[in-house]
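A.B. asks: Here you go, one structure.
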Amino acid sequence: MLIYLDRELDLDQLVDIARRGQAVALSDQYRARVQAGRAAVLKVVKQRRPVYGVTTGFGVLCDRAIPPADAAQLQQNILRSHATAVGAPLTAEQTRAVMVLMLQNCGTGHSGIGLEVLEQLVRYLNEGLVPWAPAQGSVGYLSVEAHIALTLIGEGQFWGADGRPTAAATQLQARGIEPVVLGPKEGLSLISGTTSPCALGCLALHDMLLCLQAADCIGTLSLEVLGGTDRAFDRRLMELRRHPTQWESARRVRAVLQGSARVEAARRTTLQDAMSLRCIPQLHGAVAETLLHARTVLERELCSCCDNPAVFWEEDTVISGCNPDSSFVGLCMDSACTAAVMLAKMSERRTDRLLSGKGGLPPFLTAAAGLCSGFMGLQYTQAGLLGDMRQQCHPASVDSVPTCGGQEDYVAMGYNSAKRSLDIAQKLAWVLATELLCVLQANYLKGDDLPSAPYLTKLREALNGAVPGFDGDELFAPYVQLLADFILAGKMPAV
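Numbering of the sequence shown is given in UniProt numbering, commencing with residue 1 and proceeding in unit increments.
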């Protein structure tokens, strides 16, 4: 089933295209808008009107007039001169996400790019051609996109079948694809906008939201196996605070605990649990509020034109501004990273309780403590991950380095916010996977002392025996990775 690009695109659709190879097509309305915008740009060139990046130079060189004969060369030059990113490349799914954002950014028609260029990007997506784009060295636009766009004119590199970069010209020739010839404004349109920050932010946020859903369930299972009570999740108590995300988290906790004989017994013996257990809806609800706000912001950006200048064909005008600024993306992803770290810090505290002999569990979840270290090493891993996450949590969007001869004397740094969030999302998944592994082992050691919640049975069925109980020391790291992948695949049973 095709996803037709028109104007509206949501987070899940972007992930389907970027991560799962969903095919795309351009709607008739999309094509009509692009053609109208393109006609307006060509008219500007013909009339020799001063328009930034079309009949002038770029950045601080915007006062340099460009004759019509050099208009096409100008667009090739900006791709070559701005393809300056360095380091390890974006992954295939990250690059595909940026390409989708380039199509969205230009598909409003206000970019003024030609349809042929965009159809080439669609072909790349549908045929699995992935440009090689180094990931380091962007303040929010230009450099990463320039590496991708170079392949359209037969320059730059693609990912090869062996996982190494190969010359774009060679790959295009092998597939019988002709490079495009860029016209006025087309190079600028391809690299101008919040395309890379928004693309990477969307992928990271998608994973953070999956982690949040899992965290409600994992944290609740920790509470149950530690002998905790469900008193703190009473609906009446939750509704004293006007936060729907807290209510929803508490509902999920209650749903996971439904039918638990352990919790039923704890009601008679336990008045109040530790904060990391009874405060799940309050913290997780606050995290949900932050992540859902970020989703709203990113989905708006997904459907926006963030190019400069913008073409208004109905009014026969072109306006210069600053829509490529990535502050919206940067601020919301900085906040999302902080929220993710808060989720991880509570998970680490629950894990500590599981490992420290509380709730009738043996130290480090091994019946042979001393001879065996059990899960002792996993706590070091979790602590190291959390330490990294805290250091990475410093907001990138507060930084700024003047560029372009002072013409861009402020930059938003939204790309750094988004790029960093990918790493934090992965570490969050590992932290939660560690807690989940401890929960499974704790239940293995407890056996059937009292019937656990039916949700635990559903979880074990979903895992299909992939995680056993451990009677001695083993190599535990592969199970952490397996459970992290399980979480990020959205396989935790729904409640």
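Where is the CB? At the ideal position from N, CA and C, for every residue including glycine. As the structure is a computational prediction, the values presented were derived from the model and not from experiment.
Taking 8 Å as the cut-off, does the segment 79-93 touch the segment 271-283 (at least 3 CB pairs, one atom from each stretch)?
C.D. replies: As far as the Cβ criterion goes, the segment 271-283 does not touch the segment 79-93, which means the pair count is below three.
A.B. asks: How about A429 and L488: do their beta carbons lie closer than 7 Å?
C.D. replies: Walking along the sequence shown from the start, residue 429 turns up at place 429. Walking along the sequence shown from the start, residue 488 turns up at place 488. Yes, the Cβ-Cβ distance between A429 and L488 is below 7 Å.
A.B. asks: Based on Cα-Cα distance, which residue from K358, D234, V287 lies nearest to A274?
C.D. replies: Taking the sequence shown and counting its residues from 1, one reaches residue 274 at position 274. Nearest C-alpha to A274: K358.
A.B. asks: Just reading off the beta strand (DSSP E) that F312 is part of, what are its end residues?
C.D. replies: Within the sequence shown, the letter at position 312 stands for residue 312. Here the beta strand (DSSP E) through F312 covers 310-312.
A.B. asks: When DSSP labels each residue in this structure, what does W159 get in the three-state scheme?
C.D. replies: Here residue 159 refers to the residue found at position 159 when the sequence shown is read from its first residue. Reduced to three states, the DSSP call for W159 is strand.
A.B. asks: Taking only the alpha-carbon atoms, compute the straight-line gap between Q29 and N308 and give it to the nearest angstrom.
C.D. replies: Within the sequence shown, numbered from 1, the residue matching residue 29 stands at position 29. Within the sequence shown, numbered from 1, the residue matching residue 308 stands at position 308. Each residue's Cα considered, the two are about 22 Å apart.
A.B. asks: By alpha-carbon positions, which one of V431, V24, F364, A232 ends up nearest to L277?
C.D. replies: The residue given as residue 277 occupies position 277 in the sequence shown. It is A232.
A.B. asks: Which residues share a DSSP beta bridge with V86?
C.D. replies: Within the sequence shown, residue 86 is the residue found at index 86, counting from 1. Note: V86 sits in a beta bridge opposite Q136.
A.B. asks: Going straight from the alpha carbon of Y448 to that of Q258, what length do you get?
C.D. replies: If you number the sequence shown from 1, residue 448 lands on position 448. If you number the sequence shown from 1, residue 258 lands on position 258. Reading off the sequence, residue 448 comes out as Asp, not Tyr. One C-alpha to the other measures close to 17 Å.
A.B. asks: Leaving out five residues before and five after C438 in sequence, what residues of the same chain have Cβ atoms less than 8 Å from its Cβ?
C.D. replies: Residue mapping note: residue 438 aligns to position 438 of the sequence shown, counting from 1. The residues are S222, T351, L354, L355, L365, F375, L378.
A.B. asks: Ordered along the chain, which non-local residues of its own chain (more than five positions away) have a Cβ less than 7 Å from that of S189?
C.D. replies: Counting from one through the sequence shown, the residue named residue 189 turns up at place 189. Excluding residues within five positions, the ones whose Cβ falls inside 7 Å are C106, S111, G112, I113, D307.
A.B. asks: Contact between the segment 412-419 and the segment 135-149 is defined here as three or more beta-carbon pairs at a separation below 8 Å; is this criterion met?
C.D. replies: Taking 8 Å as the limit for Cβ pairs, the verdict is that the segment 135-149 does touch the segment 412-419.
A.B. asks: Looking only at its chain, what residues have a beta carbon closer than 7 Å to the beta carbon of H206, apart from the 5 residues adjacent to it on each side?
C.D. replies: Translated into the one-based positions of the sequence shown, residue 206 becomes position 206. So the list reads L11, V15, once near-sequence residues are dropped.
A.B. asks: Is it buried or exposed for E314, if we count other Cβ within 10 angstroms and need 16 for buried?
C.D. replies: Residue mapping note: residue 314 aligns to position 314 of the sequence shown, counting from 1. So E314 counts as exposed.
A.B. asks: Mind pulling the beta strand (DSSP E) runs of 3 or more residues that sit fully within the segment 27-95?
C.D. replies: DSSP runs (the beta strand (DSSP E)) wholly in the segment 27-95: 86-89.
A.B. asks: Can M389 and A344 be called in contact, C-beta distance under 7 Å?
C.D. replies: Walking along the sequence shown from the start, residue 389 turns up at place 389. Walking along the sequence shown from the start, residue 344 turns up at place 344. Closer than 7 Å, so yes.
A.B. asks: Drop a sphere of 10 angstroms on the beta-carbon of S27, count the other beta-carbons inside from all chains shown, and report buried for 16 or more, exposed for fewer.
C.D. replies: As a working note, residue 27 is residue 27 in the sequence shown. Under this definition S27 is an exposed residue.
A.B. asks: So who's on the other strand from P165, going by DSSP bridges?
C.D. replies: Looking up residue 165 in the sequence shown gives position 165. DSSP, once it has assigned bridges, lists W159 as partnering P165.
A.B. asks: If you run the structure through DSSP and keep just helix, strand and coil, what is P402?
C.D. replies: In the sequence shown, counting from the first residue as 1, residue 402 sits at position 402. Here P402 sits in coil by DSSP.
A.B. asks: How many angstroms separate the CA atom of R33 from the CA atom of T108?
C.D. replies: Your numbering for residue 33 matches position 33 in the sequence shown. Your numbering for residue 108 matches position 108 in the sequence shown. Each residue's alpha carbon lies about 6 Å from the other.
A.B. asks: Report yes or no: do the segment 119-135 and the segment 88-99 share at least 3 C-beta pairs separated by less than 8 Å?
C.D. replies: Touching, yes.
A.B. asks: Once the 5 residues before and after R295 are set aside, which same chain residues still bring their CB inside 8 Å of it?
C.D. replies: The count along the sequence shown starts at 1 and reaches residue 295 at position 295. The residues are L11, L205, L209.
A.B. asks: Using DSSP's beta-bridge definition, name the partner residues of T317.
C.D. replies: Position 317 of the sequence shown, counting from 1, holds the residue named residue 317. DSSP lists F312 as partners of T317.
A.B. asks: Give me the residue from F476, R236, W132 with the minimum Cα distance to F158.
C.D. replies: Within the sequence shown, numbered from 1, the residue matching residue 158 stands at position 158. Looking at the Cα atoms, W132 is the closest of the given residues.
A.B. asks: With H, G and I counted as helix, E and B as strand and the rest as coil, what does DSSP make of A146?
C.D. replies: Counted from its first residue, the sequence shown places residue 146 at position 146. Of the three classes helix, strand and coil, the one that applies to A146 here is helix, per DSSP.
A.B. asks: Using a 10 Å radius around the Cβ and a threshold of 16 neighbouring Cβ atoms, would you call R175 buried or exposed?
C.D. replies: In the sequence shown, counting from the first residue as 1, residue 175 sits at position 175. Its Cβ having fewer than 16 others within 10 Å, R175 is exposed.
A.B. asks: If you check the beta carbons only, do Q256 and V495 fall under 7 Å apart?
C.D. replies: Within the sequence shown, the letter at position 256 stands for residue 256. Within the sequence shown, the letter at position 495 stands for residue 495. Here the sequence assigns Val to residue 256, which means Gln is not the residue at that position. For V256 and V495, yes; Cβs fall inside 7 Å.
A.B. asks: Return yes when the Cβ of S397 is within less than 7 Å of the Cβ of L331, no when it is not.
C.D. replies: In the sequence shown, counting from the first residue as 1, residue 331 sits at position 331. In the sequence shown, counting from the first residue as 1, residue 397 sits at position 397. Yes, these two residues count as a Cβ contact at 7 Å.
A.B. asks: Under 7 Å between the Cβ atoms of A265 and L445?
C.D. replies: Sequence index remark: in the sequence shown, residue 265 carries index 265 (1-based). Sequence index remark: in the sequence shown, residue 445 carries index 445 (1-based). Result no, Cβ atoms of A265 and L445 do not sit closer than 7 Å.
A.B. asks: State the start and end residues of the unbroken beta strand (DSSP E) segment that holds Y455.
C.D. replies: Here the question's residue 455 lines up with position 455 in the sequence shown. Run containing Y455: none in the beta strand (DSSP E); it sits in the alpha helix (DSSP H), 454-463.
A.B. asks: Use the C-beta contact count for T457: other C-beta atoms within 10 angstroms, 16 or more gives buried, fewer gives exposed.
C.D. replies: By 1-based counting over the sequence shown, the position of residue 457 is 457. Answer is exposed; the Cβ neighbour count stays below 16.
A.B. asks: Under the three-state reduction of DSSP, which class applies to L450: helix, strand or coil?
C.D. replies: Translated into the one-based positions of the sequence shown, residue 450 becomes position 450. Three-state DSSP puts L450 in coil, outside helix and strand.
A.B. asks: Compute the Euclidean distance between the alpha carbons of Q22 and D70, then round it to the nearest angstrom.
C.D. replies: The count along the sequence shown starts at 1 and reaches residue 22 at position 22. The count along the sequence shown starts at 1 and reaches residue 70 at position 70. Distance between the alpha carbons of Q22 and D70 is about 39 Å.
A.B. asks: In the DSSP assignment, find the beta strand (DSSP E) that holds I487 and state where it starts and stops.
C.D. replies: Within the sequence shown, residue 487 is the residue found at index 487, counting from 1. No beta strand (DSSP E) holds I487; the alpha helix (DSSP H) holding it covers 477-488.
A.B. asks: How about G250 and M492: are their beta carbons less than 7 Å apart?
C.D. replies: For the purposes of this step, residue 250 is taken as residue 250 along the sequence shown, with counting starting at 1. For the purposes of this step, residue 492 is taken as residue 492 along the sequence shown, with counting starting at 1. The question names Gly, but residue 250 is Ala in the sequence shown. No, these two residues do not count as a Cβ contact at 7 Å.
A.B. asks: Is L223 helix, strand or coil by DSSP?
C.D. replies: Here the question's residue 223 lines up with position 223 in the sequence shown. Residue state, collapsed to three classes: helix.
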